[in-house]
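K.L.:
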Amino acid sequence: MDPRYPIGKYEAQPFSQEQKEKWLLDIKFLPEEIERSVADLDTAQLHTPYRDGGWTVQQLVHHVADSHLNAYTRFKLGLTEENPTIKPYEEQEWAKLADNDLPINLSFTLLHALHQRWYYAVKDLTDAQWQRTVVHPEAGKQMTLWYLLGMYAWHGKHHTAHITTLRENKGW
């Protein structure tokens with residue numbers, strides 16, 4: 795197994811009501827899941843990389859908050875503008891900023907509020923609204939909100955699995 799992708803890489807799925815409900819629940823409950831994944835870890839464990847050359851557990855938690863802030867904004871832009879170009883960001887550079895040294899409970903607080911807002915913003919979208927698009931300039935392509943929903947549902951599970959796999963491997 796590639797430690798970078800403990801649940802595999804994201805694979806787009808065709809639109810279905812069943813898949814939509816699953817992904818929406820992933821968005822709704824990610825804050826609780828990632829918070830459970832770090833329960834009872836001490837400072838040394840939080841500063842342990844999930845793999846050689848990878849981010850620490852603390853950086854992973856802060857990264858998910860950073861990433862999902864961007865995701866929420868991308869959804870709001872996609873819902874209110876015609877095919878907007880979204881702003882990429884340098885996630886490796888963001889991970890080096892001083893706010894990543896703050897306690898992870900701040901990112902948990904942010905994630906709980908953010909995911910509640912995000913879930914309520916998108917839970918009742920029409921099928922047509924899921925097909926609205928944004929343009930990702932680095933990827934050089936249009937992405938539907940449906941694609942983004944799946945990608946960010948995967949993203950939260952992906953990083954949570956980094957933490958739970960590390961815990962299993964270390965016997966924590």
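Heads up, the final residue of the sequence shown is numbered 966 in our numbering, and it's a clean run with no missing numbers.
Quick reminder that beta carbons are idealized off the backbone N, C-alpha and C, glycines included.
For M795, which residues in the same chain have their Cβ closer than 7 Å to its Cβ, ignoring the five residues on either side in sequence?
P.N.:
none
K.L.:
Per the DSSP calculation, P797 is bridged to which residue(s)?
P.N.:
Beta-bridge pairing links P797 to no other residue.
K.L.:
Over the uninterrupted alpha helix (DSSP H) stretch that includes V832, give me the two end residues.
P.N.:
From DSSP, V832 is part of no alpha helix (DSSP H); its letter is neither H nor E.
K.L.:
Using the C-alpha atoms, what's the distance from H930 back to T867?
P.N.:
13 Å
K.L.:
In whole angstroms, what separates the C-alpha of L818 from that of T903?
P.N.:
20 Å
K.L.:
Taking DSSP as the reference, what is the three-state secondary structure of T867?
P.N.:
helix
K.L.:
Let me make sure I understand the geometry here. Which of T879, L891 and L896 has the alpha-carbon closest to that of A933?
P.N.:
Ranking the options by Cα distance to A933, first place goes to T879.
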